[in-house]
Amino acid sequence: MQSSDTPKDGDFASYLEGGKKPSAEVSASRPDVSAEAPSEAPPQTLEQVLVEGQDPTEEFLERWNDLQNAPELSDEEIERQALEAGGDDDDPNTPE
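Take 1 as the starting number for the sequence shown in UniProt numbering and just add one per residue.
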(Lines of atoms letter the chains of each structure in order from A and count residues from 1; the text may use other names and numbers.)
(Lines give C-alpha, C1' and ligand atoms only; values in the text may rest on other atoms or scores of the structure.)
Protein backbone atom coordinates (compact mmCIF):
# COMPACT_ATOMS: atom_id res chain seq x y z
CA MET A 1 0.00 0.00 0.00
CA GLN A 2 1.53 3.29 -1.09
CA SER A 3 0.71 6.69 0.32
CA SER A 4 -0.12 9.47 -2.12
CA ASP A 5 2.86 11.48 -0.86
CA THR A 6 5.41 8.71 -1.48
CA PRO A 7 8.07 9.92 -3.96
CA LYS A 8 7.99 8.18 -7.33
CA ASP A 9 10.87 6.25 -8.91
CA GLY A 10 12.98 5.90 -5.75
CA ASP A 11 13.57 9.65 -5.48
CA PHE A 12 13.28 9.55 -1.70
CA ALA A 13 16.69 11.08 -0.90
CA SER A 14 16.02 14.29 -2.84
CA TYR A 15 12.54 14.42 -1.32
CA LEU A 16 14.09 14.33 2.17
CA GLU A 17 16.69 16.92 1.25
CA GLY A 18 13.95 19.29 0.16
CA GLY A 19 14.47 18.82 -3.55
CA LYS A 20 10.82 18.11 -4.14
CA LYS A 21 7.83 20.07 -2.98
CA PRO A 22 4.74 18.25 -1.75
CA SER A 23 2.33 17.50 -4.54
CA ALA A 24 -0.81 19.59 -4.96
CA GLU A 25 -2.83 16.58 -3.86
CA VAL A 26 -0.93 16.35 -0.57
CA SER A 27 -1.11 20.12 -0.02
CA ALA A 28 -4.84 20.08 -0.63
CA SER A 29 -5.31 17.32 1.92
CA ARG A 30 -3.48 19.42 4.54
CA PRO A 31 -4.85 22.96 4.35
CA ASP A 32 -2.90 23.98 7.47
CA VAL A 33 0.40 23.53 5.59
CA SER A 34 1.24 25.61 2.54
CA ALA A 35 3.72 24.26 0.00
CA GLU A 36 5.09 27.78 -0.43
CA ALA A 37 5.17 28.74 3.28
CA PRO A 38 8.72 29.17 4.58
CA SER A 39 9.58 27.12 7.61
CA GLU A 40 10.18 29.02 10.82
CA ALA A 41 13.86 29.44 11.60
CA PRO A 42 15.14 27.86 14.82
CA PRO A 43 15.85 30.30 17.64
CA GLN A 44 19.30 31.87 17.73
CA THR A 45 21.72 30.23 20.16
CA LEU A 46 24.33 31.66 22.49
CA GLU A 47 27.01 29.86 20.47
CA GLN A 48 25.89 31.65 17.30
CA VAL A 49 26.20 35.02 19.03
CA LEU A 50 29.46 34.46 20.94
CA VAL A 51 31.40 32.01 18.77
CA GLU A 52 30.12 32.75 15.27
CA GLY A 53 29.85 36.50 15.86
CA GLN A 54 26.23 36.89 14.77
CA ASP A 55 24.38 39.98 15.92
CA PRO A 56 21.76 38.99 18.52
CA THR A 57 18.16 39.13 17.33
CA GLU A 58 15.40 40.85 19.30
CA GLU A 59 13.99 37.43 20.21
CA PHE A 60 17.39 36.31 21.52
CA LEU A 61 17.78 39.47 23.61
CA GLU A 62 14.27 39.06 25.07
CA ARG A 63 14.98 35.45 26.05
CA TRP A 64 18.37 36.46 27.48
CA ASN A 65 16.80 39.20 29.62
CA ASP A 66 14.08 36.82 30.82
CA LEU A 67 16.73 34.32 31.93
CA GLN A 68 18.84 36.97 33.62
CA ASN A 69 15.83 38.35 35.52
CA ALA A 70 14.40 34.96 36.53
CA PRO A 71 14.42 34.25 40.25
CA GLU A 72 17.11 31.87 41.50
CA LEU A 73 16.01 28.37 42.40
CA SER A 74 16.71 27.07 45.87
CA ASP A 75 18.64 23.83 46.33
CA GLU A 76 15.40 22.21 47.53
CA GLU A 77 13.57 23.27 44.35
CA ILE A 78 16.38 21.97 42.14
CA GLU A 79 16.32 18.66 44.04
CA ARG A 80 12.52 18.44 43.73
CA GLN A 81 12.66 19.02 39.97
CA ALA A 82 15.45 16.47 39.55
CA LEU A 83 13.52 13.83 41.47
CA GLU A 84 10.35 14.50 39.46
CA ALA A 85 12.18 14.23 36.13
CA GLY A 86 12.31 10.66 34.92
CA GLY A 87 15.40 11.27 32.84
CA ASP A 88 16.08 9.66 29.50
CA ASP A 89 14.40 6.41 30.49
CA ASP A 90 11.33 8.11 32.09
CA ASP A 91 11.84 5.97 35.18
CA PRO A 92 11.16 7.96 38.38
CA ASN A 93 13.05 5.30 40.37
CA THR A 94 16.29 6.37 38.68
CA PRO A 95 16.24 10.19 38.76
CA GLU A 96 18.84 12.11 36.85
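Backbone N, C-alpha and C define an ideal beta-carbon position, used for all residues, glycine too.
How is the alpha helix (DSSP H) around residue i delimited, first residue to last?
i   : result
Q48 : L46 to L50
So, do the segment 43 to 52 and the segment 60 to 72 have three or more beta carbon pairs nearer to each other than 8 angstroms?
yes
Alpha helix (DSSP H) runs wholly inside the segment 53 to 92, at least 4 long, in chain order: 58 to 69 and 75 to 84
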